[in-house]
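Chemist: In the working numbering, the protein residues as written are 4 to 423.
Glycine included, every Cβ here is placed at the ideal spot set by N, Cα and C.
1) Excluding sequence positions up to five away, which residues of its chain have a Cβ less than 7 Å from the Cβ of residue 421?
2) How long is the line joining the alpha carbons of residue 37 and residue 77, rounded to whole angstroms?
3) Are residue 130 and residue 58 close, meaning C-beta to C-beta below 7 Å?
4) Straight-line CA distance for residue 257 to residue 395?
5) Please report the residue range of the alpha helix (DSSP H) in which residue 420 lies.
6) Rounded to the nearest angstrom, how far is the Cβ of residue 140 from that of residue 201, given a contact under 8 Å?
7) Between which two residues does the alpha helix (DSSP H) containing residue 44 stretch?
8) How about residue 322 and residue 419: are their beta carbons less than 7 Å apart?
9) Excluding sequence positions up to five away, which residues of its chain have a Cβ less than 7 Å from the Cβ of residue 64?
10) For residue 413 and residue 339, what's the separation of their Cα atoms in angstroms?
11) Would you call the region 91-105 and the region 238-257 touching, i.e. three or more CB-CB distances under 8 Å?
12) Residue 237 and residue 376 - do their beta-carbons sit closer together than 7 Å?
13) Would you call the CB atoms of residue 273 and residue 163 closer than 7 Å?
14) Check whether the region 339-352 and the region 207-226 are in contact - that is, three or more C-beta pairs closer than 8 Å.
15) Give the straight-line distance between the Cα atoms of residue 206 and residue 40, rounded to the nearest whole angstrom.
16) Could you pull out every residue in the same chain whose Cβ sits closer than 6 Å to the Cβ of residue 284, ignoring the five residues on either side in sequence?
17) Return the residue from the list 216, 159 and 260 that minimises the CA-CA distance to residue 31.
18) Measuring alpha carbon to alpha carbon, tell me which residue in 116, 222, 117 and 122 is nearest residue 104.
19) At the level of alpha carbons, what is the spacing between residue 145 and residue 264?
20) Whole angstroms are fine: how far does the CA of residue 192 sit from the CA of residue 204?
21) Determine the burial state of residue 165: buried for a count of at least 16 other Cβ atoms within 10 Å of its Cβ, exposed for fewer.
22) Within 8 Å, do at least three Cβ pairs link the region 342-353 to the region 399-408?
23) Nearest to residue 313 by alpha carbon, out of 147, 333, 152 and 345?
24) Taking Cβ positions, are residue 218 and residue 75 nearer each other than 7 Å?
25) If we count the other Cβ atoms within 10 Å of its Cβ and call it buried at 16 or more, is residue 8 buried or exposed?
26) State buried or exposed for residue 215, treating a residue as buried only when at least 16 other CB atoms are found within 10 Å of its CB.
27) Enumerate in chain order the residues of its own chain whose CB-to-CB distance from residue 252 is below 6 Å, with the five nearest sequence positions on each side excluded.
28) Check this for me: beta carbons of residue 240 and residue 60, under 7 Å apart or not?
29) Roughly how many angstroms lie between the CA atoms of residue 329 and residue 188, to the nearest whole one?
30) Report yes if the C-beta distance between residue 102 and residue 111 is below 7 Å; otherwise report no.
31) Figure out for me which residue from 169, 262 and 221 has the closest Cα to the Cα of residue 185.
32) Who are the Cβ neighbours of residue 378 in its own chain at under 7 Å, not counting the five residues just before and after it?
33) Which same chain residues, not among the five before or five after residue 83, have their C-beta less than 8 Å away from its C-beta?
34) Tell me whether residue 109 is buried or exposed, calling it buried when 16 or more other Cβ atoms sit within 10 Å of its Cβ.
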């Protein structure tokens, strides 16, 4: 086990580099969360979760998913033209979002069932633009294997968020500190990655004709992958939005904290492994036409890590939340217990999900993601019809979605070995 954990291969070294920076980046919010839970209320966390859910859905499609194509061209000239295309789309998309934010603000806050979110809707277009820029910059840096700088950007992001959330929280009540910290963190991350990109790529090579050619060449990304990721983010984030409607914003606050804490390993380890897997599997696919060796090797690591990280804490989650975050947050620990099986399976499958992008199986990804969206909304709607309490809903949701993510793993393995 010790030998396996040591960074002997290039793959492991790259993962470790990303994880080192991400560990620091994750340690910062973990360290301040016990303070935040004592200066902000569950309702404040609910408003933050609502804002993050809205921007996450829109930010996921801000570039038309052309950012995924940055990794695929053999030459950097093509890569930067694809990147520029993605940036132009995000700018246009953000301008379009100004219309509902300013002209339908009252209707939107009524639809969302929370008046506090109204003010923050004005910031949605700006945050979506920042997310669109980050999507592109992230893959431009990954293409050059600048994993150390990607890790540094995560530290910038976490430090900025923590500073604002703590600073504002001590002087002003309400969700302002939480949401503004999230916004400032996006600016900090973009700043660090933009400096790198300017140094490593020659943007004088941008060409409008080439941009249009590449837009057609990788048209399957906006045609299929964009709708797939929209379905995926809707399945996750629309559930959060509907929880605030069918239950209440305080319940969403408890649930969002449980999600945040349990998903930290996914952000810390799973995302780092998935990012390096994308690069390594792409290389294997270009050399052999398959990526099954990289897939199997990565799967083994993910499975072992999932068991080691999650199973030992199952029985202690309510106690952990009580001690760390305060007695008012015990219920969040109970919610965490109920979603833990789903978190474990998702941790493995999500890190490998770029297999479909590597093999340009956008239609397949779209079909699965639409299924996830339909399942998630159906479970929530069924639970509301049956008047289930929130814990009963979580049991049903976690059980069904866990099986569906296991099905995704089977699909991805078939794609990696060239069977689909």
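Modeler: In terms of the structure at hand:
1) Closer than 7 Å at the Cβ level, and outside the excluded window around residue 421, lie 292 and 293.
2) So the alpha carbons of these two residues sit roughly 47 Å apart.
3) It is a contact, given that the beta carbons lie within the stated cut-off.
4) Near 15 Å, if we compare the C-alpha coordinates of residue 395 and residue 257.
5) Per DSSP, residue 420 lies in no alpha helix (DSSP H) segment and is marked neither H nor E.
6) About 10 Å; that fails the 8 Å criterion.
7) Unbroken run through residue 44: none, as it is neither H nor E.
8) In this structure, residue 419 does not lie closer than 7 Å to residue 322 by Cβ.
9) Excluding its 5 nearest sequence neighbours in each direction, residue 64 has C-beta neighbours in its own chain below 7 Å: 229, 232 and 233, listed in chain order.
10) The alpha-carbon atoms of residue 413 and residue 339 are separated by roughly 26 Å.
11) With a cut-off of 8 Å on Cβ pairs, the region 91-105 is not in contact with the region 238-257, counting fewer than three such pairs.
12) If you check the CB distance, residue 376 and residue 237 come in under 7 Å.
13) No. Outside cutoff.
14) Look at the beta carbons and you see the region 339-352 not touching the region 207-226: under three pairs across the two are nearer than 8 Å.
15) Approximately 45 Å between the Cα atoms of the pair.
16) Within the same chain, residue 284 has close Cβ partners 294, 297 and 361.
17) For the options 216, 159 and 260, the alpha carbon positioned closest to that of residue 31 is the one of 159.
18) The candidate whose alpha carbon is nearest that of residue 104 is 122.
19) Answer to the nearest angstrom: the Cα atoms are 26 Å apart.
20) Just so you know, the alpha carbons of residue 204 and residue 192 end up roughly 19 Å apart.
21) Result: buried.
22) Three or more Cβ pairs drawn from the region 399-408 and the region 342-353 lie within less than 8 Å of each other, which places the two stretches in contact.
23) Ranking the options by Cα distance to residue 313, first place goes to 345.
24) Not in contact: residue 218 and residue 75 (Cβ atoms no closer than 7 Å).
25) Confidence in residue 8 is poor, its pLDDT being 45 and thus under 50, which makes the residue's placement too unreliable to answer from.
26) Residue 215 is exposed by the Cβ-count criterion.
27) Listed in chain order, the non-local C-beta contacts of residue 252 below 6 Å within the same chain comprise 46, 49 and 117, local neighbours out to five positions each way being set aside.
28) In this structure, residue 60 lies closer than 7 Å to residue 240 by Cβ.
29) Cα-Cα distance, rounded: 26 Å.
30) No, Cβ-Cβ distance for residue 102 and residue 111 is not below 7 Å.
31) Measuring from the Cα of residue 185, the nearest candidate turns out to be 169.
32) Taking C-beta separations shorter than 7 Å and ignoring five residues to either side along the sequence, the partners of residue 378 in its chain run 403, 404 and 407, following chain order.
33) In the same chain as residue 83, and ignoring 5 residues on each side of it, the C-beta atoms closer than 8 Å to its own belong to 143, 204, 205, 206, 208 and 209, in chain order.
34) Residue 109 comes out exposed.
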